[in-house]
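Engineer: Per our numbering, the sequence shown starts with residue 13, numbered consecutively. For glycine and all other residues, C-beta sits at the position ideal for the given N, C-alpha and C. One structure is given below, represented as structure tokens, and several questions about it will come after.
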Amino acid sequence: MHPQVTRDRPGACPLCGMALEPTAAGGAEDDTELRDMSRRFWISAALAAPLLVLEMGHMAAGGSFQAPGPFSTRALIPLALAAPVCTWAAWPFYVRAVDSVRNKSLNMFTLIAIGVLASFGVSVAAVLVPGIFPASYRDASGEVAVYFEASALIVTLVLLGQVLELRARRQTRDAVRMLLALAPATARRIRDGQDEDVPLGDVLRGDRLRVRPGEKIPVDGVVLDGRSAVDESMISGEALPVEKNPGDAVIGATVNQTGAFVMRAERVGSDTVLSRIVAMVGEAQRSRAPIQNLADRVSAIFVPAVIAVAAITFAAWAWLGPEPRLSHAVLSAVAVLMIACPCALGLATPMSIMVATGRGARKGVLFRDAEAIEAMRRVNTLVIDKTGTLTEGKPRLVSVQPAGAYGEPDLVRFAATLERGSEHPIAAAIVGAAVERGIHLGDAADFRSITGKGVRGTVDGHSVAVGNSFLLAEAPIDASPLERSAEALREEGQTVVFVAIDGAPAGLLGVADPVKPDAAQAVRALRAEGIRVLMVTGDGRTVALGVARKVGIEEVHAEVLPEEKVEIVKRLQEKGAVVAMAGDGINDAPALAQAQVGIAMGTGSDIAMESAAITLVRGDLRGIERARRLSRKTVANIRQNLFFAFAYNIVLVPVAAGILYPAFGILVSPVLAAAAMSLSSVSVIGNALRLKQAAV
Numbered sequence: 013m014h015p016q017v018t019r020d021r022p023g024a025c026p027l028c029g030m031a032l033e034p035t036a037a038g039g040a041e042d043d044t045e046l047r048d049m050s051r052r053f054w055i056s057a058a059l060a061a062p063l064l065v066l067e068m069g070h071m072a073a074g075g076s077f078q079a080p081g082p083f084s085t086r087a088l089i090p091l092a093l094a095a096p097v098c099t100w101a102a103w104p105f106y107v108r109a110v111d112s113v114r115n116k117s118l119n120m121f122t123l124i125a126i127g128v129l130a131s132f133g134v135s136v137a138a139v140l141v142p143g144i145f146p147a148s149y150r151d152a153s154g155e156v157a158v159y160f161e162a163s164a165l166i167v168t169l170v171l172l173g174q175v176l177e178l179r180a181r182r183q184t185r186d187a188v189r190m191l192l193a194l195a196p197a198t199a200r201r202i203r204d205g206q207d208e209d210v211p212l213g214d215v216l217r218g219d220r221l222r223v224r225p226g227e228k229i230p231v232d233g234v235v236l237d238g239r240s241a242v243d244e245s246m247i248s249g250e251a252l253p254v255e256k257n258p259g260d261a262v263i264g265a266t267v268n269q270t271g272a273f274v275m276r277a278e279r280v281g282s283d284t285v286l287s288r289i290v291a292m293v294g295e296a297q298r299s300r301a302p303i304q305n306l307a308d309r310v311s312a313i314f315v316p317a318v319i320a321v322a323a324i325t326f327a328a329w330a331w332l333g334p335e336p337r338l339s340h341a342v343l344s345a346v347a348v349l350m351i352a353c354p355c356a357l358g359l360a361t362p363m364s365i366m367v368a369t370g371r372g373a374r375k376g377v378l379f380r381d382a383e384a385i386e387a388m389r390r391v392n393t394l395v396i397d398k399t400g401t402l403t404e405g406k407p408r409l410v411s412v413q414p415a416g417a418y419g420e421p422d423l424v425r426f427a428a429t430l431e432r433g434s435e436h437p438i439a440a441a442i443v444g445a446a447v448e449r450g451i452h453l454g455d456a457a458d459f460r461s462i463t464g465k466g467v468r469g470t471v472d473g474h475s476v477a478v479g480n481s482f483l484l485a486e487a488p489i490d491a492s493p494l495e496r497s498a499e500a501l502r503e504e505g506q507t508v509v510f511v512a513i514d515g516a517p518a519g520l521l522g523v524a525d526p527v528k529p530d531a532a533q534a535v536r537a538l539r540a541e542g543i544r545v546l547m548v549t550g551d552g553r554t555v556a557l558g559v560a561r562k563v564g565i566e567e568v569h570a571e572v573l574p575e576e577k578v579e580i581v582k583r584l585q586e587k588g589a590v591v592a593m594a595g596d597g598i599n600d601a602p603a604l605a606q607a608q609v610g611i612a613m614g615t616g617s618d619i620a621m622e623s624a625a626i627t628l629v630r631g632d633l634r635g636i637e638r639a640r641r642l643s644r645k646t647v648a649n650i651r652q653n654l655f656f657a658f659a660y661n662i663v664l665v666p667v668a669a670g671i672l673y674p675a676f677g678i679l680v681s682p683v684l685a686a687a688a689m690s691l692s693s694v695s696v697i698g699n700a701l702r703l704k705q706a707a708v
């Protein structure tokens with residue numbers, strides 16, 4: 013509830029009294045507080061049970077337990093049983109109550125401490141110094157009633173509630189811990205030609221690692237040698253293994269299946285995908301949702317109001333109630349304090365947020381904070397970058413159109429041989445296509461790269477030019493016979509590369525960034541929900557329109573700079589739109605930060621992920637739909653919890669105060685009030701845990 017509060021050890025928040033959440037999400041679980049509360053609960057239960065039996069025996073005999081006189085054996089036994097419960101077992105509650113007063117932040121533990129101390133203190137006085145009580149506190153036989161069983165059972169029930177809460181919190185972290193546990197403990201490092209097993213923490217960036225069939229990949233990196241199929245379901249959720257070849261990226265903790273390979277470590281320690289997932293989930297679980305402000309405002313007024321109601325209840329019963337008036341006054345005032353404890357109100361939002369972030373992590377959706385969870389459901393406009401978001405971000409050679417004396421294999425061979433000297437992504441796509449097709453590359457000489465146009469050189473004694481139409485015009489070479497075919501390829505979303513050999517046009521190569529398989533389906537689903545979808549990209553308009561047609565986007569802004577992306581988002585916001593921006597590159601970071609909800613692809617740049625409110629680990633656009641569904645269900649769950657908490661207090665506080673007594677003779681005992689308070693907390697916890705099984 014209060015993420016600004018930090019401590020160096022487990023404990024309670026000094027403001028709300030609730031258990032603090034570990035900052036190292038997914039790390040070694042510290043169950044110190046759970047063990048302590050469990051020990052206090054079981055000892056309290058063992059001592060409270062005989063007290064309950066004694067009270068039931070007295071009730072069967074025709075009355076409640078009363079103190080027969082000072083220091084009598086019949087009085088000292090209940091005192092001896094209740095004292096450890098109301099002192100040692102309840103001590104954490106007293107500490108939290110004192111903190112609440114010191115910090116001027118009254119909370120549920122303030123009410124618990126007042127109620128237990130009042131009922132237990134009166135009972136001790138009735139046993140040790142019964143003469144101080146006036147006649148209005150005595151029954152018809154002149155004896156003073158005591159409430160040892162009520163005091164002990166209240167503490168026991170509150171402890172049970174604390175144990176259940178702490179166990180539920182531990183469950184919400186299970187998804188992250190299970191994910192973190194997937195990482196192997198060791199890695200097989202290659203050094204000086206020898207393999208050695210080293211602890212995972214000793215692996216450094218740049219180390220060469222060997223991964224054998226059936227082993228987990230130790231860290232994020234790149235395949236250097238060998239081929240295999242890798243089970244990436246831990247990250248992608250896809251059951252089918254992914255083929256990995258030299259140059260392909262691999263993710264730590266995924267499982268190598270069929271072959272052995274050597275990889276280079278690129279991301280180690282806290283920089284791996286897995287570690288970043290854990291860190292983001294931990295931050296989100298400790299953050300505050302805006303809806304929490306409502307609960308905070310209510311709690312700030314509610315606790316002092318309950319104390320006032322308890323005081324008024326005591327005064328009313330002491331003045332107007334039946335004999336023994338003071339006895340009824342104490343019972344009713346304590347019942348009000350117990351039944352009104354706002355623990356359910358305090359749990360309503362944090363429990364739902366914790367469960368939702370864990371659920372999202374298992375589905376590949378990482379929320380940076382609780383505000384992102386709440387905001388995502390209100391999004392009505394989605395701005396999507398093209399490269400790496402709608403497309404895979406890995407250009408491939410998809411078209412080869414010979415137009416001269418050379419056939420398709422020769423055209424690819426000449427172009428790839430020359431492009432081998434270039435570092436441009438399009439060059440890499442052409443060279444990669446030649447390797448895949450088994451084409452033997454020739455020898456290149458006189459290589460020259462011309463910025464913004466292409467490359468020129470000599471391949472096997474032939475003059476070769478590979479680039480755009482401006483490169484050929486500079487030669488000069490007439491490329492007009494190829495323009496119609498080139499425009500047709502552009503309309504399909506391909507980048508056109510002209511190839512000229514010995515001064516004559518030899519053909520066209522079409523390089524495209526393939527559209528992600530799920531992109532069209534994701535866009536259709538989002539539009540079906542009434543979300544306006546726009547593409548904003550720095551690529552050429554013809555290529556952008558080609559991709560837009562494939563995925564079903566009608567609004568396209570092409571050839572825009574990073575600052576222009578921000579302006580587009582601002583204009584949409586000025587018109588009242590709630591904007592989500594999805595992107596993966598450094599150039600998308602400003603727009604991601606400007607949007608109400610920035611959505612980064614986990615396959616993209618670190619800067620994009622740091623600027624975004626949501627990260628899709630798989631880079632899967634269906635994750636946007638998942639995030640939206642989870643957002644709606646989480647906010648609905650929080651509202652249900654708040655309703656349970658508010659309705660419970662509104663209905664039962666007057667009943668505990670005795671409003672039904674004049675007409676129906678109904679009173680609520682402090683024990684029943686404490687049980688009802690615990691039940692309300694359990695209902696909120698149970699409702700929040702339903703999100704673990706939510707269909708997203």
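1. Could you give the distance in angstroms between the alpha-carbon of valine 391 and the alpha-carbon of serine 475?
2. Let's test the definition: count the other Cβ atoms within 10 Å of the Cβ of alanine 109 and tell me whether it reaches 16, buried, or not, exposed.
3. What distance in whole Å lies between the Cβ atoms of alanine 272 and valine 223, which are believed to be in contact at a cut-off of 8 Å?
4. Suppose you measure from the CA of isoleucine 718 to the CA of serine 481; what does that come to, to the nearest Å?
5. Give every residue of the same chain whose Cβ lies closer than 7 Å to the Cβ of valine 102, excluding the five residues on either side of it in the sequence, and list them in chain order.
6. I need the DSSP call for valine 708, collapsed to helix, strand or coil.
7. Restricting to Cα atoms, I'd like to know which of Pro674, Leu378, Ser693 and Ala612 is closest to proline 334.
8. Can you give me the start and stop residues for the alpha helix (DSSP H) that arginine 337 sits inside?
9. Assess, as a yes-or-no matter, whether the region 633-649 is touched by the region 697-708 under the definition of 3 or more beta carbon pairs within less than 8 Å.
10. Using alpha carbons as the reference points, say which of Glu504, Val523 and Glu503 lies closest to phenylalanine 510.
11. Name the DSSP bridge partner or partners of arginine 544?
12. Can you tell me which of Leu701, Leu684 and Asn699 puts its alpha carbon nearest to the alpha carbon of alanine 170?
13. Express the C-alpha separation of arginine 553 and leucine 521 in angstroms, rounding to a whole number.
14. Could you tell me the distance, in whole angstroms, from the CA atom of isoleucine 93 to the CA atom of glycine 133?
15. So, do the region 444-455 and the region 526-543 have three or more beta carbon pairs nearer to each other than 8 Å?
16. Considering only DSSP beta bridges, list what aspartate 232 is partnered with.
17. Tell me where the alpha helix (DSSP H) around arginine 651 begins and ends.
18. From alanine 368 to glycine 635, what does the alpha carbon distance come to, in whole angstroms?
19. For leucine 63, which residues of its own chain have a beta-carbon under 7 Å away from its beta-carbon, when the five flanking residues on both sides are left out?
20. Run through DSSP, which three-state label would glycine 218 get?
21. Just to confirm before moving on: does the CB-CB distance between alanine 277 and glycine 205 stay below 8 Å?
22. Mapping DSSP to helix, strand and coil, what is glutamine 585?
23. Tell whether a beta-carbon distance below 8 Å holds between glycine 416 and isoleucine 513.
24. If you follow the alpha helix (DSSP H) that alanine 439 is in, where does it begin and where does it stop?
25. With contact counted as at least three CB pairs below 8 Å, one residue from each stretch, are the region 344-354 and the region 117-124 in contact?
26. Please go through the same chain and pick out, in chain order, the residues whose beta-carbon is closer than 6 Å to the beta-carbon of alanine 668, but skip the five residues on each side of it.
27. Assess contact between the region 689-696 and the region 172-179, defined as three or more Cβ pairs (one per stretch) separated by less than 8 Å. Is contact present?
28. Can you tell which of Asp283, Val527 and Ala323 has its C-alpha closest to the C-alpha of alanine 130?
29. When you compare only the Cα positions, how much space is there between threonine 429 and valine 443?
30. At the level of alpha carbons, what is the spacing between threonine 361 and glutamine 652?
31. Does the beta-carbon of lysine 587 have 16 or more other beta-carbons within 10 angstroms, so that it is buried, or is it exposed?
32. From leucine 221 to isoleucine 543, what does the alpha carbon distance come to, in whole angstroms?
33. Can the beta-carbon of asparagine 268 be found closer than 8 Å to that of valine 285?
34. Touching or not, the region 624-633 and the region 374-381, by the rule of three or more beta carbon pairs under 8 Å?
35. Determine the DSSP secondary structure at aspartate 237, reduced to helix, strand or coil.
36. Do glutamine 608 and glycine 519 have their C-beta atoms within less than 8 Å of each other?
Structural biologist: According to the structure data:
1. Those two C-alpha atoms are separated by around 55 Å.
2. Alanine 109 comes out buried.
3. Rounded, the Cβ-Cβ distance is 7 Å, consistent with contact.
4. It is not possible to answer for residue 718, since the shown part of the chain is limited to 13 through 708.
5. Per the sequence shown, residue 102 should be read as alanine rather than valine. Within the same chain, alanine 102 has close Cβ partners Val128 and Val167.
6. Coil at valine 708, not helix or strand.
7. Nearest of Pro674, Leu378, Ser693 and Ala612 to proline 334, Cα basis: Pro674.
8. Residues 337-351.
9. The region 697-708 makes contact with the region 633-649, as at least three CB pairs between them are under 8 Å.
10. Minimum Cα distance to phenylalanine 510 is reached at Val523.
11. Under DSSP, arginine 544 takes part in a beta bridge, and its partners are Thr393.
12. The sequence shown places valine at residue 170, rather than the alanine named in the question. That would be Leu684, whose Cα lies nearest to the Cα of valine 170.
13. Looking at the two C-alpha atoms, the distance is approximately 19 Å.
14. Here residue 93 turns out to be leucine, not isoleucine, going by the sequence shown. The straight-line gap from Cα to Cα measures roughly 14 Å.
15. Contact between the region 444-455 and the region 526-543 is absent, because fewer than three Cβ pairs lie under 8 Å.
16. Aspartate 232 is bridged to Arg279.
17. Residues 634-669.
18. When rounded, the distance between both Cα atoms is 14 Å.
19. Counting only Cβ-Cβ distances below 7 Å, and skipping sequence neighbours, we find Pro90, Leu93, Ala94, Phe160, Glu161 and Ala164.
20. Note: glycine 218 maps to coil in three-state DSSP.
21. Taking 8 Å as the Cβ cut-off, alanine 277 and glycine 205 do not qualify as a contacting pair.
22. Glutamine 585: helix per DSSP, three-state reduction.
23. The Cβ atoms of glycine 416 and isoleucine 513 lie closer than 8 Å to each other.
24. In the DSSP annotation of this structure, the continuous segment of the alpha helix (DSSP H) that includes alanine 439 starts and ends at 437-448.
25. Three or more Cβ pairs closer than 8 Å define a contact, and the region 344-354 meets that threshold against the region 117-124.
26. Only residues of its own chain outside the window of five on either side were considered, and among them Ala347, Val348, Ile351, Val680 and Ala685 have a CB closer than 6 Å to the CB of alanine 668, listed in chain order.
27. Verdict: yes, contact present.
28. The shortest C-alpha to C-alpha distance from alanine 130 to any of Asp283, Val527 and Ala323 is the one to Ala323.
29. When the Cα atoms are used, threonine 429 and valine 443 turn out to be separated by approximately 7 Å.
30. Threonine 361 and glutamine 652 have their alpha carbons spaced roughly 10 Å apart.
31. Answer is exposed; the Cβ neighbour count stays below 16.
32. Taking the straight line joining both Cα atoms gives about 46 Å.
33. No, the pair does not count as a contact, with Cβ atoms beyond the cut-off.
34. Touching, per the Cβ criterion.
35. If DSSP states are grouped into helix, strand and coil, aspartate 237 belongs with the strands.
36. No, the pair does not count as a contact, with Cβ atoms beyond the cut-off.
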